[in-house]
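Here the sequence shown stands for residues 1 to 290, numbered as in full-length UniProt numbering.
Cβ atoms here follow ideal geometry from the backbone N, Cα and C, with glycine treated the same way.
A quick note: this is a predicted structure, and the numbers were derived from the prediction, not measured.
Following: one structure in structure tokens, then a few remarks.
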Amino acid sequence: MNVNDRRSRLRQILAGKECVLASSVADPLSARIGDELGVQVGVLGGSVASLAVLGAPDLIVLTLSELAEQTRRIARVAKLSLLVDADHGYGNALNVMRTVQELQDAGASGISIEDTLLPRAHGAPGPFQLITLEEGVDKIRAAVWARGDSGMAIFARTSALALEGVEGTIRRLRAYEQAGADALFIPWLKQRTDLDRIAQEVRLPIILAGGGPELLQDRQYLADRGVRIGFSGHRPYADAAQAFYDAVRTERQRLGCTVPERVAPGALMDRLSQVEVYERYIADYLAPGR
Numbered sequence: 001m002n003v004n005d006r007r008s009r010l011r012q013i014l015a016g017k018e019c020v021l022a023s024s025v026a027d028p029l030s031a032r033i034g035d036e037l038g039v040q041v042g043v044l045g046g047s048v049a050s051l052a053v054l055g056a057p058d059l060i061v062l063t064l065s066e067l068a069e070q071t072r073r074i075a076r077v078a079k080l081s082l083l084v085d086a087d088h089g090y091g092n093a094l095n096v097m098r099t100v101q102e103l104q105d106a107g108a109s110g111i112s113i114e115d116t117l118l119p120r121a122h123g124a125p126g127p128f129q130l131i132t133l134e135e136g137v138d139k140i141r142a143a144v145w146a147r148g149d150s151g152m153a154i155f156a157r158t159s160a161l162a163l164e165g166v167e168g169t170i171r172r173l174r175a176y177e178q179a180g181a182d183a184l185f186i187p188w189l190k191q192r193t194d195l196d197r198i199a200q201e202v203r204l205p206i207i208l209a210g211g212g213p214e215l216l217q218d219r220q221y222l223a224d225r226g227v228r229i230g231f232s233g234h235r236p237y238a239d240a241a242q243a244f245y246d247a248v249r250t251e252r253q254r255l256g257c258t259v260p261e262r263v264a265p266g267a268l269m270d271r272l273s274q275v276e277v278y279e280r281y282i283a284d285y286l287a288p289g290r
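Set out below in structure tokens:
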């Protein structure tokens, strides 16, 4: 299946009547695992790409070139349609255009552009803020223009639910529809009442990320509300890292080596990605008043 076929399949899913479950991918091997298991849509998250390429947490230290190359590696071998999380598009609307072109050339079937203010600004009161609606709209407009007639889908992603509530989310989603997005990406929606309200106000297909297994298992409910792709997140990558850690530790024990105490699953990924180190960097170089 070539890249045009994979893009066409993604668009057919978006235009369909069912909710398809996507799976996390990080590299060519995990993409082939997805193919073996019948996965139609794989999601290369920015967080997972940062871990796979740099061993770093999700702080936008990964560059566009690195993301594009990882996308190319996966698209070269995968049969599944690859949705790439392009975060904020690596800058302003002009940078978004370049991001779209690079990921398009790398073989992405679709990309998501979000309205989170990234990377974290110096002196920001917290790690999570949104850009203005106007800038978000212009980023989507720029992405659609840069995509041209390639068939790659543009997903407009908003995290407004956490900061602006359901009405603010609807306002942004409707504006992104008008800007030309092909689909709407809503992360971490957990309340059915929120989805019910959103589904009444938007017309584009939705990808729903997170939300828990109970919601994602009710795919008829999701399909009836315009959700065409459900995605549970990137836990498989953390589970795979834990399994590899345990396998190496067990092998060394078997061969008579002294091994440290086993790191608990919940703490291993933070340790491997050096979250504490990056938190010190944030305190030293991004905190106000220094």
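- Taking a C-beta distance under 8 Å as the contact criterion, D138 and L118 do not qualify as a contact pair.
- Shown here for S47: same chain residues with a beta carbon closer than 7 Å to its own, the five before and five after excluded, namely D58, H234 in chain order.
- For S112, no alpha helix (DSSP H) encloses it; the enclosing beta strand (DSSP E) starts and ends at 110-114.
- Secondary structure of I207 (DSSP, three-state): strand.
- Contact between the region 65-82 and the region 98-112 is present, with at least three C-beta pairs closer than 8 Å.
- Here R120 has L59, I60, P127, I282, L286 as same chain residues with Cβ atoms under 8 Å from its own Cβ, once five neighbours each way along the sequence are excluded.
- Per the DSSP secondary-structure output, R157 pairs in a beta bridge with E114, F185.
- Leaving aside the five residues that flank R271 on each side, the residues in its chain whose CB is nearer than 7 Å to its CB run, in chain order, V263.
- Looking at the backbone, the Cα of R157 and that of I186 are separated by about 6 Å.
- Put simply, the region 209-229 touches the region 16-29. At least three CB pairs are less than 8 Å apart.
- By the Cβ test, the region 143-163 is in contact with the region 183-200, since at least three Cβ pairs between them sit closer than 8 Å.
- With respect to the C-alpha of G110, the residue from D149, P125, A243 having the closest C-alpha is D149.
- Unbroken beta strand (DSSP E) runs of no fewer than 3 residues, entirely contained in the region 224-287, are found at 227-231, following chain order.
- Here R9 really is in contact with S81; their C-beta atoms are around 5 Å apart, less than 8 Å.
- In this structure, DSSP gives D58 a state outside helix and strand, which the three-state scheme calls coil.
- Minimum Cα-Cα distance from R228 among the listed residues D239, A22, N4, N2 corresponds to A22.
- In this structure, R147 lies near I154, with their beta-carbon atoms less than 8 Å apart.
- Within the model, the alpha-carbon separation for N92 versus L64 is close to 13 Å.
- Assignment of beta-bridge partners to V41 by DSSP yields S81.
- Residue environment for D5: exposed (fewer than 16 other C-beta atoms within 10 angstroms of its C-beta).
- Within the model, the alpha-carbon separation for P260 versus D239 is close to 20 Å.
- Along the length of the region 122-173, whole alpha helix (DSSP H) runs at least 4 residues long occupy 133-147, reported in chain order.
- The residue among S50, G168, L94 with its C-alpha nearest the C-alpha of V275 is S50.
- Ranked by Cα distance from L54, the options P288, Y278, M97 are led by Y278.
- Cα atoms of A68 and G256: separation of roughly 42 Å, rounded to the nearest angstrom.
- The three-state reading of DSSP puts A22 in strand, counting E and B together.
- Just measuring C-alpha positions, the residue of M1, L14, A52, I13 sitting nearest V25 is A52.
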